[in-house]
Amino acid sequence: MAHRLLRDAEADGWERSDFPIICESCLGDNPYVRMTKAQYDKECKICQRP
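All you need for the numbering used here is the position in the sequence shown, starting with 1, plus 103.
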């Protein structure tokens with residue numbers, strides 16, 4: 104049986120997406136944001152998104 108990711112190229116799209124998921128409550132009052140790229144990192148402490 105083939106692995107799910109080998110059968111479906113879009114199956115793990117959220118893990119490989121380069122588009123950030125950010126909500127306004129996570130940004131806070133500071134108008135400047137420093138973004139870093141991390142694979143399979145921890146979830147947000149405010150909104151619990153990966």
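Glycine is no exception: its CB is placed at the ideal position from the N, C-alpha and C atoms.
Nothing here was measured: the structure is a model prediction, and the numbers come from that model.
Distance between residue j and residue i (C-alpha atoms, nearest Å)
i	j	result
Gly131	Tyr143	23 Å
Met104	Met138	Confidence at Met104 is low in this model, with a pLDDT of 49, below 50, so its placement is unreliable and the value that follows should be read with caution. Their backbone Cα atoms lie some 39 Å apart in a straight line.
Ser128	Lys140	20 Å
Three-state class that DSSP yields for residue i in the structure shown
i	result
Asp144	coil
Cys150	coil
Cys75	This structure leaves residue 75 out entirely; the chain is present only between 104 and 153.
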